[in-house]
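Each residue of the sequence shown is one higher than the one before, counting from 10 in our numbering.
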Amino acid sequence: MSCDAYYYIRRAQENIDELRDDMRRSFKEQAKKIDAQRVEMPPVAADFKQSGHKERYSALDDTTALYFRRVDDNTLRMYELDFSLSMATISTIQGNSVTATETKKLSEMPPKMVKEAQKCLPGTGGRNDNTARHQVKRR
């Protein structure tokens, strides 16, 4: 091989090394951004997760009710039903962080869920505590 061939091979290897380093840097920056966007599990959800119940309704304030449903041992769904806005926010929680969030109108939610959630609000004539009526023990 001539000296020119070695030069071009070495130059190509340097370019490959630069590209590899740039990609590593880019992946590290993306990982930092993803970690910064991660949302921690709300304390109320952590309490439910520890309780061992399969589902539970509770009042967050005068116009907002929460419904928790356990999907499996590591995943649960939190439904935040806001009656003043007529909106529901559905959050999927895996491990200790929120992995997905979706917003729907209350009219798109199951009527039974909306009715039960409304019962646990204060001043609606229903229960606003977390008694056995609003909890289902895990089997």
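We treat Cβ as the ideally placed atom computed from N, Cα and C, and that holds for glycine.
If you drop the 5 nearest sequence neighbours on each side, which residues of the same chain put their C-beta closer than 6 Å to that of residue i?
i    : result
K113 : A97
A109 : T101
G99  : First, the amino acid is wrong: residue 99 is Ile here, not Gly. Cβ neighbours of I99 beyond the five flanking positions: Y88 and E111.
For my contact list, residue i and residue j are in at a C-beta cut-off of 8 Å; report their separation, rounded to the angstrom.
i    : j    : result
E49  : N105 : 7 Å
V107 : L75  : Their Cβ separation, rounded to whole angstroms, is 14 Å, which puts V107 and L75 out of contact at 8 Å.
L85  : K58  : 6 Å
S95  : L115 : 5 Å
Going by the DSSP bridge assignment, what does residue i pair with across the sheet?
i    : result
E49  : S106
F77  : R65 and M87
K114 : M96
T101 : R86 and A109
Can you find the residues in the same chain that come closer than 8 Å, C-beta to C-beta, to residue i, ignoring five residues on each side of it along the sequence?
i    : result
R147 : Low confidence applies to R147: its pLDDT is 43, below 50, so where it sits in the model is not reliable, and the reading given next is rough at best. Contacts found: G61, H62, K63 and R79.
R33  : none
Given a threshold of 16 other Cβ atoms within 10 Å of its Cβ, counted over all protein chains shown, does residue i qualify as buried or as exposed?
i    : result
M87  : buried
D138 : Residue placement at D138 is flagged as unreliable, the pLDDT there being 44, under the threshold of 50; a coordinate-derived value is accordingly withheld.
A126 : buried
Y66  : buried
D26  : exposed
F36  : exposed
Short of 7 Å in beta carbon distance, which residues of its chain neighbour residue i, apart from the five on each side in sequence? Order them along the chain.
i    : result
E117 : none
R20  : none
Contact the segment 56-73 vs the segment 118-132: 3+ CB pairs below 8 Å: Verdict: yes, contact present.
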